[in-house]
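Below is one structure, written out as structure tokens, with a few remarks after it.
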Amino acid sequence: MSIYNKMVKAIDDCNLDDYLNLLHDDYIFVRHQSNQEVTKSAWVPVVTGMFNAMKEGKLSFENNRCIYENDDILVIHNIGNFPDNTKEAIMAVHTLSNGKIIKTESGATRID
């Protein structure tokens with residue numbers, strides 16, 4: 736199963752452990768707002784909060800699309816519906832290493 740399919744399944748099933756298993760030990764998330772790099776250990780609490788919000792129906796992602804995937808990169812697009820009732824179009828580029836996501840950079844545009 737592709738990384739993309741595993742990611743969508745983990746999100747659809749709201750399975751945090753399956754999602755975290757996709758991340759390389761040296762994973763870095765780059766915040767699009769500030770360009771700040773977040774380590775995996777710092778990202779886990781953020782993602783845990785996101786998965787909890789999804790379980791509560793306060794956060795959802797729809798129209799998931801794989802733009803491109805190979806052994807080195809995964810590019811996805813989706814729509815995020817957030818707890819503050821905002822909606823964003825999200826583009827994420829995941830750099831892959833040894834079958835795991837080692838880096839994520841994203842960009843988001845608010846949809847009114």
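The letter at position 34 of the sequence shown is residue 769 when you use our numbering, and the numbering goes up by one with no holes.
Where a beta carbon is used, it is the ideal one built from N, C-alpha and C, also for glycine.
Because the structure is a prediction, the values reported are computed rather than measured.
| Check | Outcome |
| --- | --- |
| 8 angstroms contact criterion, which residue 838 and residue 763 should meet: CB distance rounded | 5 angstroms |
| Contacts around residue 737, its chain only, beta-carbon distance under 7 angstroms, and the 5 residues preceding and following it disregarded | 804 |
| Buried/exposed call for residue 802, threshold 16 Cβ in 10 Å | exposed |
| Which listed residue (809, 742, 743) has its alpha carbon closest to that of residue 832 | 809 |
| Classification of residue 827 by the beta-carbon crowding that lies within 10 angstroms, buried from 16 upward | buried |
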